[in-house]
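What follows is a set of notes on a single structure, which appears directly below.
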Ligand SMILES: [Zn+2]
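Numbering (our numbering), first residue to last: 164 to 605.
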């Protein structure tokens with residue numbers, strides 16, 4: 164089906180989507196959203212062979228239906244992006260960080276009042292991350308069509324199938340939002356979600372400093388000194404050239420070639436030209452060599468300046484897995500996504516002050532010991548780390564097989580014949596007595 168003149172397309176779910184190609188229609192839609200104060204948003208873009216993701220279609224679910232905004236029609240989408248950064252208006256998305264990045268790049272303002280249904284679901288079930296179709300099926304009992312991940316959203320006219328998939332990507336966001344919000348409220352987890360969504364409002368989420376970008380260039384982890392400085396300069400030069408040519412950065416200069424040039428500090432065109440797989444024009448090779456010459460004049464970077472990896476302490480090898488197990492067990496008990504609760508870095512941040520004997524600084528550790536995470540697992544982590552609670556295997560614990568208690572407590576029911584996995588013993592204080600058998604206890 165091609166796009167009918169009246170701009171209405173019918174999708175299989177008895178819904179019709181309105182195609183928007185003109186500024187006047189877009190303004191009308193945005194005015195409607197301003198009144199109703201909420202909308203669902205998804206975008207389709209292509210980023211395979213370009214530098215900046217090329218936005219092809221924007222889907223909006225307003226309270227009166229689905230709208231497909233054709234961003235190939237050189238429409239100015241500013242009025243829509245302004246809604247996303249308006250704290251009065253709630254924007255509902257599924258795994259929305261990339262969509263929001265497009266918005267930030269367009270209006271250079273942080274998104275506000277975001278609700279991500281994938282994250283909300285992760286605070287309600289340990290199965291995470293759930294695809295949109297799984298989530299819609301689970302929560303609303305509606306089966307979506309198979310999505311077309313390889314479809315070319317640049318072609319016009321869009322096919323009937325493409326229009327259908329595009330509509331389905333937003334059609335259920337508002338009903339999902341309502342279901343999930345009610346459930347979060349019921350379990351007292353509304354504040355957890357609010358904290359998670361606040362992370363979308365930090366503009367640095369969408370802007371990576373060069374050092375962090377370099378960490379994503381393969382093979383740079385082992386660089387230091389002059390080679391690290393050269394790699395950083397080369398990477399920034401590559402970004403600028405890629406932007407100018409509108410090509411992906413890695414298509415301009417592959418990661419391993421960048422690392423090779425930086426390692427050797429090659430600044431003569433004949434050295435660079437001999438590299439196998441190099442695909443640069445003569446003038447670009449000359450520019451590149453200029454970058455290397457200037458890099459060589461800078462003072463060398465301190466060792467691993469772009470990563471703050473602490474030398475591994477022998478205790479890390481024991482404590483990181485221990486806390487990982489504790490957290491996995493707690494995530495299962497709470498029925499939340501482990502991936503939302505903890506990260507490797509978050510666990511390392513908790514272990515580090517302990518290993519270094521700076522227990523007092525545990526209070527200032529962000530992540531696991533603060534906010535909603537601190538509320539649900541902070542105490543357990545502190546007690547286990549300080550030795551005032553033991554970790555016991557509870558064979559009847561099913562998904563959450565660990566329980567935590569004072570060393571003097573009796574082992575959890577009949578543990579194994581070898582006895583419970585007791586991992587610490589230190590005396591308890593009055594607070595512990597009150598907390599005996601607290602989290603995880605039957
Ligand atoms: Zn989509």
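Heads up, the beta-carbon is just placed ideally off N, CA and C, and yes, glycines get one too.
| Item | Value |
| --- | --- |
| Of the listed residues 394, 289 and 204, nearest to residue 563 (C-alpha basis) | 289 |
| Close Cβ partners of residue 362 (< 8 angstroms) along its chain, the five nearest in sequence each way excluded | 368 |
| Cβ pair residue 250, residue 263 closer than 8 angstroms | no |
| C-alpha gap between residue 512 and residue 480, whole angstroms | 14 angstroms |
| Per-residue DSSP class, three states only, for residue 388 | helix |
| Spatial distance of residue 370 from residue 376 (CA atoms) | 9 angstroms |
| Backbone secondary structure at residue 351 - three-state DSSP | coil |
| Any alpha helix (DSSP H) of 4 or more consecutive residues that is wholly inside the region 500-580 | 501-504, 507-518 and 542-549 |
| Bounding residues of the alpha helix (DSSP H) (the contiguous stretch that carries residue 453) | 445-459 |
| C-alpha gap between residue 282 and residue 292, whole angstroms | 8 angstroms |
| Stretch pair the region 515-528 + the region 487-495: three plus CB contacts closer than 8 angstroms | no |
| beta-carbon residue 207 near ligand 1 non-hydrogen atom, thresh 7 angstroms | yes |
| Delimiting residues of the beta strand (DSSP E) encompassing residue 243 | No beta strand (DSSP E) holds residue 243; the alpha helix (DSSP H) holding it covers 241-247. |
| Check: residue 315 C-beta below 7 angstroms from any heavy atom of ligand 1 | no |
| Bridge partner(s) assigned by DSSP for residue 359 | In DSSP, residue 359 forms no bridge with anything. |
| Per DSSP, cross-strand counterpart(s) of residue 201 | 253 |
| Pair within 8 angstroms by beta-carbon distance, residue 555 and residue 548 | no |
| Contact set for residue 272: own chain, Cβ-Cβ below 6 angstroms, skip 5 residues either direction | 248 |
| For residue 479, the three-state DSSP class (helix, strand or coil) | helix |
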